[in-house]
Amino acid sequence: MPPALPRVGRRTVEALLAANAEALRERTLVLVHGQYAPGAPMRFTVTLHGEARRVQVRDEASVLGVLTALHEHRSTASASASSADVLVVTTGVDDEQLGWDVRGRAVRRKTLTVENAEVVLQRFGATALDPRMYRERWLLDALVEAEPADSGWPRVGGVLTRDAALRALTVERLGLRTAGGSSGQDGQATLDADTLLAWSRTPAGPRRFAELGATERTELKKWLAEVAGPAVPVLLSLAETGLGHDALALGLLGAVLRDSSVEPDTVLALGGLFGQVMPRRSELAAFTDAVEGTLTRWIADARTSEDARRRVVAVLERADELADTAGLTPGLAASRFLPSSFTAQLRRTVADARVSPAAGEAALDDLLGHSLAALRPDHIQAAETAVRVARWLSGPEPTVPTVAAGVRAHVSDWGWADRALTVLWAGDPDGDLETGRDLNALYEQARERRQRLDEQFAARLAAWAVHATAEHPEGCLVIENVLDTVVRPLAGRTAPLLLVLDGMSSAVAAQLGEEAERDGWREIVPRPETGEAPVRLAAVSMLPSITRASRASLLAGEATAGGQSAETAGFSALWKGRRKAAVLFHKAAIGGEAGHALSHELLIALASDAVVGVVLNTIDDALDNGRQGRGTTWSLTDVTHLRELLAAARNYGRPVVIVSDHGHVLERGSRDDTPPVEADGAEAARWRTGGSAGEGEVAVHGWRVREGSGAVILPWREDIRYTGRRAGYHGGASLAEVTVPVLVLLPAGEEAPKNWVPLPRELSTPGWWRTPAAGATAASAAVATGQASPVAPERPAQPASHSQDAPATEARPSTGPEAGRRAAGSLGATVVTSEVYSAQKEYVRKAPEANVVSAVIDALVSAGGTMSPAALAAAISATGRVRRNIEGFIATVQRLLNVEGYPVLGFIDGGHAVKLDVPLLREQFLPKQKDGENGDMTEGGKREETA
């Protein structure tokens, strides 16, 4: 049997024509020993010596066929007067059979033999080939056959190395130019595990590799293993056997073999999925590592790209499907990627939270380590909330000694419990019955505690309302005094912007305050009494807690009732009496024309010296219309015009006061429109007149009661209503309805007015809500009020408030001599007296005082290593040094602590938090210190680092 003829393609023909361009000036026939590739173009044009020449290719197997092709070519050339056309005949007929008559008309007067090495040399524009390539016929043949039809091979201009040739061949064979692979600095496709794993998900990628010859597949696998890592051969073997599209999913399942005690049945089940490809354990481990690394990067992209999210979800769901089919799901419960393992870990977190906060926190740490945590924020919110509620429930039972203590505790602590209850009530986002059952159990426990607080508060409220007035509020900030007490002191330099968010509860205020801080605002409060920590402001509404009474009293600065006209007149009269111009905007006057978020009149007012008030009804309207933000959360964007108003206030240099007129309770339980309580004298959803107070109600009378001739009956239980079903209600005597949160905001970096201090996140958030860090709250409280920085602070069980009204469970940081002695031997003091610090300080111009740097270190250590910039600013203020530019100050401290560029201190969370790497700090500045050295400091340092 004669040997097979060499395959000749268009690119080979072009290379032969280019090599014989000079001879083609006189002749138009080229004889080539070989067979023209089926499907290759029979007619095309080439450029020789700057002249376009048309080429016709004929594949003939006999002398007669060659003669016929030549005759037809000559006839066509004579008829068209185009003697420049070139005829290329590929044939297996030898020269002796063709005879001199035919060969004499051909280039070189003979049949040309295709030398693939020469063709490759010419097609790459190279001056020489890597000597190793002459010994690899498969490579030369593949390069000739695979040359891209559109652009050809890349020109190298020098020696064509074997690696360059294999790279070009791999890119073309696998279709990586069109597979969306990443590119290197030279613009060529990057050949790494990431690229090839992404290629495995393309529709035709794995099939292209499977269709190559056996020798070429084997050689490409060997070379790619060298340049792209040991995971690639496993991937390509899967592609060979038709499993390429499932390669990523199978790689995830390989994690089951990380357990050295894995059952033999599990190994067999995994082997069944891999089939004949089943690699050795070490090879599978490398493949699994590569797959997990790639998916980790894909998941990061999926946070901002819906296409990337769909790609990731498809892989993970397929892995779960394969695991379920093979019975591998139980063995993969600890996987960091599978949706089934995420669900299992979520279930365990919520279940463990019911057992103890510590167990819940440990399970939550595992859940947060799952890669899907970044893509399932609603699930993480549910898990975190379960653990937070467990912490709250594990603390001492709070009490309500007075109305003043109750509203302050609610705005700074119990309102966060209300926020958590909303999340627990919503349940598991996927509707998982097991998780939902445990969330409901926590919800019922927390609701019972909140109900006991509301019952106590209602009793205190009824007794207080009899005597309380604006002049004698008995320690409370009443709503009619808010403008004089809070807004007026801010009007000295630049008139403030007052934003009245109708219906904003403490739970909503907590969410808006967090987001405002992320948007570059910081909250400030009046400087507290010595020994007290700053706390968010809260007022007491009028009674019943309805808009008609409370909002009018707020804006008029006196107890009254009425609608928009009464509010506008009262607002102007109040400020006129204080010799300030003022203007109030309601809903219809806020929005601007097309292309403008705010009205022209509102912008003119903001540009003036007048006090500007704006009433935003979004929250109250949402409760009436059956909507509550996005279900469990409220953001600045959810409240119509709020974000635009904050931006305008920043532009005009105005401080902002965000206040409500009353709070609200949510509908949680009833399924129909029928009122659950039939009562006489029902005037609205949450208040009535006449009769006596029943279960869950309280009778209230006095000067502050603006309806019912000064006597009404108010429910304190949230599940009582007298009208049809809505999303939420107000008017009752619960803490959530009567407490009026007040947020005072300044642009970050702007100096607080006299007698005002920042309220950092560490103090505006209750300790049980935050991730546990021993002493974070107490440390922040100490530095914010000008006390010495503590080293062993205590966790408060209740928010700080004035001593005479403090809830019974309140705890305070230690500020006595013992705390002072510990501070003197603190980690910060040790660092700033070290030799390394002294040497580093020589290179920093105008370095801060040692006690200032020490205070910063100790505050961060006490807070678990992370604090907000506002809290750090407070820490610095405690040393007697006020820093207006906290970012610049931190940059200076970084130059002191970041020895040789190591990141000891830096910003995280987009600049919203400062992080101190305590172990790295010790390594850099105390390299010789051992665990037993330095007495209490070392021991305390250990406690702080592991907090």
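Mapping of the sequence shown onto the numbering used here: position 591 corresponds to residue 812, and the numbering continues sequentially without gaps. Every residue gets a Cβ at the ideal spot worked out from N, C-alpha and C, and that includes glycine.
> Does the distance from the CB of residue 324 to the CB of residue 316 come in under 8 Å?
Replying inline: yes
> Do residue 540 and residue 559 come within 8 Å of each other at the CB atom, strictly closer than that value?
Replying inline: yes
>> Is the separation between the beta-carbon of residue 494 and that of residue 469 shorter than 8 Å?
In response: no
> From which residue to which residue does the alpha helix (DSSP H) around residue 769 run?
Replying inline: 768–777
> Rounded to a whole number of angstroms, what is the C-alpha to C-alpha distance between residue 384 and residue 228?
Replying inline: 24 Å
>> Please report the distance separating the alpha-carbon of residue 510 from that of residue 380.
In response: 37 Å
>> My output table needs one value for residue 971: the three-state DSSP class, helix, strand or coil.
In response: coil
> Considering only residues of the same chain and omitting the five flanking positions on each side of residue 1159, which have a CB-CB separation below 6 Å?
Replying inline: Summary for residue 1159: the model assigns pLDDT 39, below 50, so the residue's position carries little reliability, and this model does not support an answer.
>> Let me check one thing: in DSSP terms, what residues is residue 171 bridge-paired to?
In response: Outside the shown range of the chain (222 to 1168) lies residue 171, about which nothing can therefore be said.
> How far does the beta strand (DSSP E) with residue 1186 in it reach, from first residue to last?
Replying inline: Since the first and last residues shown for the chain are 222 and 1168, residue 1186 lies out of range.
>> What does DSSP give as the partner residue(s) for residue 744 in the beta ladder?
In response: 966
>> Tell me the residue span of the alpha helix (DSSP H) that contains residue 1127.
In response: It is not in any alpha helix (DSSP H) - residue 1127 instead sits in the beta strand (DSSP E) that spans 1126–1129.
>> Could you give the first and the last residue of the continuous alpha helix (DSSP H) run that contains residue 474?
In response: 468–474
> What alpha helix (DSSP H) runs, 4 residues minimum, are completely inside the segment 276–361?
Replying inline: 284–301, 316–319, 321–324 and 337–345
>> I'd like to know if the segment 545–557 and the segment 483–493 are in contact, where contact means that at least 3 CB-CB pairs between them fall below 8 Å.
In response: yes
>> Going by DSSP in three states, residue 989 sits in which element: helix, strand or coil?
In response: coil
>> I need the boundaries of the alpha helix (DSSP H) containing residue 1139, first residue and last residue.
In response: 1139–1146
>> Short of 8 Å in beta carbon distance, which residues of its chain neighbour residue 394, apart from the five on each side in sequence? Order them along the chain.
In response: 363, 367, 429, 430, 433, 437 and 441
> What is the DSSP secondary structure of residue 942, reduced to helix, strand or coil?
Replying inline: coil
>> What would DSSP say about residue 879, mapped onto helix, strand or coil?
In response: strand
> Could you give the distance in angstroms between the alpha-carbon of residue 666 and the alpha-carbon of residue 448?
Replying inline: 59 Å
> In terms of residues, what are the limits of the alpha helix (DSSP H) holding residue 738?
Replying inline: 727–739
>> With DSSP as the reference, identify every bridge partner of residue 1088, one or two as the case may be.
In response: 1135
>> Beta-carbon within less than 6 Å of residue 1057's beta-carbon, same chain only, minus the 5 sequence neighbours each way: which residues are those?
In response: 1146
> Quick one, which of 512, 355, 1130 and 742 has its alpha-carbon nearest residue 533's?
Replying inline: 512
> Do you know whose CA, among 879, 322 and 344, lies nearest residue 734's CA?
Replying inline: 879
> To the nearest whole angstrom, what separates the beta carbons of residue 759 and residue 698, a pair I think is in contact under 8 Å?
Replying inline: 7 Å
> Would you say the segment 910–929 touches the segment 870–886, given that touching needs at least three Cβ pairs under 8 Å?
Replying inline: no
> Between 858, 863, 845 and 857, which lies nearest to residue 905 when the distance is taken from Cα to Cα?
Replying inline: 845
> So residue 672 and residue 620 are in contact, right, with Cβ under 8 Å, and what is the actual spacing, rounded?
Replying inline: 14 Å between Cβ atoms; not a contact.
>> Taking the beta strand (DSSP E) that residue 264 belongs to, which residues open and close that run?
In response: 264–269
> Does DSSP put residue 493 in a helix, in a strand, or in coil?
Replying inline: helix
> Since residue 928 contacts residue 766 with CB under 8 Å, what's their CB separation in whole angstroms?
Replying inline: Rounded, the Cβ-Cβ distance is 11 Å, inconsistent with contact.
> Is residue 231 near residue 262, with beta carbons less than 8 Å apart?
Replying inline: yes
> Excluding sequence positions up to five away, which residues of its chain have a Cβ less than 6 Å from the Cβ of residue 500?
Replying inline: 455
> What do you reckon, are the CB atoms on residue 377 and residue 340 nearer than 8 Å?
Replying inline: no
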